[in-house]
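Residue numbers (full-length UniProt numbering): 1 to 241.
Here is the structure:
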């Protein structure tokens, strides 16, 4: 099974320290030991937002801010690499070809950001499409995709299952609301729709949730199911618990 896991920076490094990074690395290593090929994409999180805010106050333009954010994602990616064993690459991949080659060579591929104006949400979806992954998992700080920002609206409804087209519509609606927080951005949703990539959006603050989702399809998040396929895939890492 080939899986891409996109880990939010605030999920991997909620505060300075190594514990959460080590826990996520252990999940990746265990999946590899079970025969999975894993590509990980790491976001910038709160650290990136702090640097970007400071640089904006200093007069940096938006492209410069994007580049700064990419640098932070790659620093977070290096933390994950440091926690992984010898089967990992030694540095974050700078493009999809490099990441794909690492996976083909049997290594764990780790990426941060790639280009300005593109979030690591989109990088995760693009990498999954590029390597023809079986599954894309977004490990976020919320339990799935909601009709509204659950941190702002008590009436927000969580979706257990969406088609890719429905995901695009939901995320587009969220992004039109100023300040609303979407677990996956619109470009990522459109890549998922284009590629027909089976996707899970879940709360990754407990790394074991990622493991259960990949192994058994067992999670409390949101399933994004491609058009024209059965609801039950046949490629979970383990068919029986």
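All C-beta atoms, glycine included, are put in the ideal place defined by N, C-alpha and C.
- The segment 70-77 makes contact with the segment 98-114: 3 or more CB pairs, one atom from each, lie closer than 8 Å.
- Residue 209 is classed as buried because its beta carbon has at least 16 other beta carbons within 10 Å across all chains shown.
- The DSSP-derived three-state label of residue 40 is strand.
- If you draw a 10 Å sphere on the C-beta of residue 85, you find fewer than 16 other C-beta atoms in it, and that means exposed.
- By the Cβ criterion, the segment 133-149 is in contact with the segment 197-206, since at least three pairs of Cβ atoms, one from each stretch, lie closer than 8 Å.
- Taking C-alpha positions only, residue 108 is separated from residue 129 by approximately 17 Å.
- DSSP lists 158 as the beta-bridge partner residues of residue 146.
- Secondary structure note for residue 218: it is in no alpha helix (DSSP H), with a DSSP letter that is neither H nor E.
- Where residue 153 is concerned, there is no enclosing beta strand (DSSP E), because DSSP gives it neither an H nor an E.
- Taken through DSSP and simplified to helix, strand or coil, residue 58 comes out as coil.
- Contact between the segment 6-26 and the segment 190-199 is absent: fewer than three C-beta pairs spanning the two stretches fall below 8 Å.
- Counted as a single uninterrupted DSSP element, the beta strand (DSSP E) harbouring residue 139 occupies residues 135-140.
- In the structure shown, residue 211 adopts helical secondary structure according to DSSP, grouped into three states.
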